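Under the numbering used here, the letters of the sequence shown match residues 9 to 540, in that order.
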Amino acid sequence: MKLGSLTVVVSWLHVCGISTASGLFNELNGPGLSHGSLLRQRREYLLKGARIKPRKVKDNPKYLNPQTEKYAVNGTAIPDVDFDIGESYAGLLPVSDLPGERRQLYFWYFPAASANATDAITIWLNGGPGCSSLEGLLQENGPFTWQYGTFKPVDNPYSWHHLTDMLWVDQPVGTGFSVGDANVTSQGDVAAQFLGFFKNFIELFGFHGRKVYLTGESYAGMFVPYIAHAMLEAENPRLYNLDGIMLYDPTLATRAVERELFAYSTYEAWSKLFAFNDTFSAYVRDRAAACGYTDYIGEHFVFPPRGTMPPVESDCDLYMEIGNNAFITNPCWNPYHLATTCPNLWDVLGAPGAFDYLPAGASIYFDRPDMKKAINAPPTANWTQCTDTSVFVNGTDQTAAAGLWSSQTVLPGVIERVARAVIGQGEMDYTILPNATLFAIQNMTWGGAQGFQAPPDGDFYVPPDETLSAGSGIMGKTRTERGLTFVEVKLCGHMVPQYQPSAAFRHLEYLLGRVDSLESREPFTVDIPVLG
Numbered sequence: 009m010k011l012g013s014l015t016v017v018v019s020w021l022h023v024c025g026i027s028t029a030s031g032l033f034n035e036l037n038g039p040g041l042s043h044g045s046l047l048r049q050r051r052e053y054l055l056k057g058a059r060i061k062p063r064k065v066k067d068n069p070k071y072l073n074p075q076t077e078k079y080a081v082n083g084t085a086i087p088d089v090d091f092d093i094g095e096s097y098a099g100l101l102p103v104s105d106l107p108g109e110r111r112q113l114y115f116w117y118f119p120a121a122s123a124n125a126t127d128a129i130t131i132w133l134n135g136g137p138g139c140s141s142l143e144g145l146l147q148e149n150g151p152f153t154w155q156y157g158t159f160k161p162v163d164n165p166y167s168w169h170h171l172t173d174m175l176w177v178d179q180p181v182g183t184g185f186s187v188g189d190a191n192v193t194s195q196g197d198v199a200a201q202f203l204g205f206f207k208n209f210i211e212l213f214g215f216h217g218r219k220v221y222l223t224g225e226s227y228a229g230m231f232v233p234y235i236a237h238a239m240l241e242a243e244n245p246r247l248y249n250l251d252g253i254m255l256y257d258p259t260l261a262t263r264a265v266e267r268e269l270f271a272y273s274t275y276e277a278w279s280k281l282f283a284f285n286d287t288f289s290a291y292v293r294d295r296a297a298a299c300g301y302t303d304y305i306g307e308h309f310v311f312p313p314r315g316t317m318p319p320v321e322s323d324c325d326l327y328m329e330i331g332n333n334a335f336i337t338n339p340c341w342n343p344y345h346l347a348t349t350c351p352n353l354w355d356v357l358g359a360p361g362a363f364d365y366l367p368a369g370a371s372i373y374f375d376r377p378d379m380k381k382a383i384n385a386p387p388t389a390n391w392t393q394c395t396d397t398s399v400f401v402n403g404t405d406q407t408a409a410a411g412l413w414s415s416q417t418v419l420p421g422v423i424e425r426v427a428r429a430v431i432g433q434g435e436m437d438y439t440i441l442p443n444a445t446l447f448a449i450q451n452m453t454w455g456g457a458q459g460f461q462a463p464p465d466g467d468f469y470v471p472p473d474e475t476l477s478a479g480s481g482i483m484g485k486t487r488t489e490r491g492l493t494f495v496e497v498k499l500c501g502h503m504v505p506q507y508q509p510s511a512a513f514r515h516l517e518y519l520l521g522r523v524d525s526l527e528s529r530e531p532f533t534v535d536i537p538v539l540g
């Protein structure tokens with residue numbers, strides 16, 4: 009999901025690295041396999057996956073009635089998808105009850121696919137601001153997925169709708185398929201319009217009183233906490249029964265914190281992937297010291313924190329200097345996932361990496377007339393993954409402009425009032441730097457104390473999948489204090505559910521209260537339908 013503030017390239021997106029190993033696995037990293045049997049098993053999985061049969065779905069739609077009928081999606085008629093995606097509903101709903109309200113948000117809703125799923129509604133929001141949540145549905149955590157460079161859409165075994173009802177929403181107005189004149193100026197406005205939309209959604213489907221979980225990534229680090237705060241302040245559990253939130257690689261603080269402060273230390277950690285020469289490496293090291301970042305980190309990035317952090321200066325612009333030079337050594341360099349190399353792969357959403365790219369003769373999947381018709385989208389809409397026009401009046405989120413970042417305003421109170429709050433971070437993200445997210449937490453006060461009192465030192469464990477369709481074993485470090493869980497994910501870039509779908513699936517199980525800890529060695533709570 010693109011960030012509008014990046015100016016060095018048209019867009020910076022993503023690709024995921026896959027790790028294989030020779031020899032024997034240990035007990036925490038799957039079954040003991042020789043190198044030869046590992047490769048044979050992997051080949052058999054890929055071949056069998058290519059022959060996968062359409063999964064069986066329920067014959068009787070659960071929520072089809074005269075009120076919802078016009079939103080119903082034919083699961084057997086999704087373009088290029090050769091299986092039934094199951095029951096779902098999509099379309100536009102207004103952001104208020106005002107007569108003639110023309111501002112409407114687009115949604116795509118999937119009831120839970122498993123009889124053992126949690127009776128709750130989990131909402132997913134992409135960031136931007138102005139990036140469509142359909143990107144999240146198609147390439148992160150939805151029922152079917154179409155990844156870069158792949159031939160066609162396939163079933164997603166780690167779709168979140170195996171655990172909970174799922175709702176993907178294009179918001180604010182001006183994003184994706186949502187319609188109307190954008191008129192929001194602040195996060196308060198965004199939250200008010202979202203609550204108006206969600207009220208209409210709840211009443212349409214009769215979901216009063218259901219538990220609600222808000223999740224999202226990137227600029228959703230602003231959207232989700234402010235929407236969550238508004239839901240809690242409404243004190244109306246029949247409509248807004250919020251129980252938890254989860255943020256991935258979130259915008260929580262200033263640009264100086266999220267990019268500048270840890271730019272050199274991130275480069276240093278992944279220097280072999282940047283492949284800079286010794287002269288430039290020494291230059292950026294000295295620049296980080298001259299800008300005061302090296303001493304600042306040593307003084308203030310500690311556990312427990314020593315008090316409120318002083319402001320971080322941002323005029324050095326070391327972050328962009330490193331990024332610009334990364335394109336010299338690797339023309340396909342991708343700040344959304346540092347392990348990406350050439351070639352740029354075709355992406356049906358038109359943004360496979362550092363640059364927008366669409367081969368001659370190809371089209372944007374969600375902008376195709378047949379796709380719009382299939383999912384009840386406005387036929388005249390021009391869908392793009394991220395809008396070129398600001399969703400805020402005059403191009404400015406006044407909340408951010410005033411320095412009212414969520415970590416210093418509403419997020420602490422939300423953490424204190426929900427059952428669980430999770431912040432996840434991909435370790436190979438160069439858009440929101442991993443230590444920057446943790447630093448923002450260390451500068452935040454909730455539950456009667458500031459920050460974590462000790463660094464994340466717990467082993468985040470993902471149960472094994474013997475077909476090796478996604479990573480398993482010890483996949484990062486985690487820590488929970490006073491209702492907030494932080495987890496860093498290995499081999500993962502900005503979009504955690506895309507790059508490490510099994511890890512994100514485990515995160516969701518924890519958020520929903522289905523496992524007690526991210527350190528748990530228990531298996532997944534539902535069967536993963538990897539091979540249909």
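Cβ atoms here follow ideal geometry from the backbone N, Cα and C, with glycine treated the same way.
If you're wondering where the values come from, they're calculated on a predicted model, not measured in any experiment.
Fewer than three Cβ pairs drawn from the region 152 to 160 and the region 362 to 371 lie within less than 8 angstroms of each other, which leaves the two stretches out of contact.
Under the three-pair Cβ rule at 8 angstroms, the region 324 to 331 counts as touching the region 259 to 274. By the neighbour-count definition (other C-beta atoms within 10 Å, threshold 16), N443 is a buried residue.
Secondary-structure assignment with DSSP links I253 through a beta bridge to L222 and A429. Comparing C-alpha distances from V399 to each of I86, Q506 and G135 shows the shortest one belongs to G135.
Here M317 carries a coil assignment [DSSP, helix/strand/coil].
Annotation for T349: N338 and C340 place their beta carbon closer than 7 angstroms to its own, counting only its chain and skipping 5 residues before and after.
A check of alpha carbon separations from V320 across V310, C299, E329 and P313 identifies C299 as the nearest. Cβ neighbours of A297 within its own chain (closer than 8 angstroms, five residues either side excluded): D303.
Minimum Cα-Cα distance from A368 among the listed residues E77, G331 and G358 corresponds to G358. The beta carbons of L353 and L212 sit about 39 angstroms from each other, so the pair does not count as a contact at 8 angstroms. Within the same chain, and ignoring the five residues on either side of K70 in sequence, the residues whose Cβ sits closer than 7 angstroms to its Cβ are E95 and P119. With respect to P509, P165 sits close: the two C-beta atoms are nearer than 9 angstroms.
In the DSSP assignment, T486 falls within the beta strand (DSSP E) that extends over G481 to E489. In this structure P233 touches V418 by the C-beta definition: roughly 5 angstroms separates them, less than 8 angstroms. Between G138 and C394, the C-beta gap is smaller than 9 angstroms, which places the two residues in contact.
Segment contact: the region 524 to 532 against the region 497 to 509, fewer than three CB-CB distances shorter than 8 angstroms; contact not assigned.
A contact between stretches requires three or more CB pairs, one per stretch, nearer than 8 angstroms, and the region 511 to 525 meets this requirement with the region 161 to 176.
If the five residues before and after A382 are omitted, its C-beta is found closer than 8 angstroms to the C-beta atoms of V81, N82, A85, I86 and P87, all from its own chain and listed in chain order.
Inclusion of F215 and Q179 in the CB contact set at 9 angstroms is not warranted, their separation being larger than that value. In the three-state scheme derived from DSSP, where H, G and I count as helix and E and B as strand, P420 is classed as helix. G521 is the residue among P531, I536, D535 and G521 whose C-alpha sits nearest the C-alpha of T130. For Q112, the closest alpha carbon among the candidates A98, N402, N451 and I235 is that of A98.
The beta carbon of K160 lies closer than 6 angstroms to those of D88 in the same chain, with the five residues before and after it left out. According to the DSSP assignment, P102 belongs to the beta strand (DSSP E) that extends over S96 to P102. For L175, the enclosing beta strand (DSSP E) starts and ends at T172 to D178.
Here the C-alpha atom of G491 lies approximately 17 angstroms from the C-alpha atom of T445. In the structure shown, V265 adopts helical secondary structure according to DSSP, grouped into three states. The criterion of a C-beta distance shorter than 9 angstroms is not satisfied by M483 and W278.
Comparing C-alpha distances from A478 to each of I536, L72, R246 and F284 shows the shortest one belongs to I536.
Counting the other CB atoms within 10 Å of its CB gives S371 a total below 16, which places it among the exposed residues. Membership of T193 in any alpha helix (DSSP H) is not indicated, and neither H nor E is assigned to it by DSSP. For E241, the enclosing alpha helix (DSSP H) has its first and last residue at A228 to A242. In this structure, the alpha-carbon of F288 lies about 36 angstroms from that of E148.
Rounded to the nearest whole angstrom, the CA to CA distance from K498 to F447 is 18 angstroms.
Spanning the alpha carbons of D189 and L146 requires a straight line of approximately 26 angstroms.
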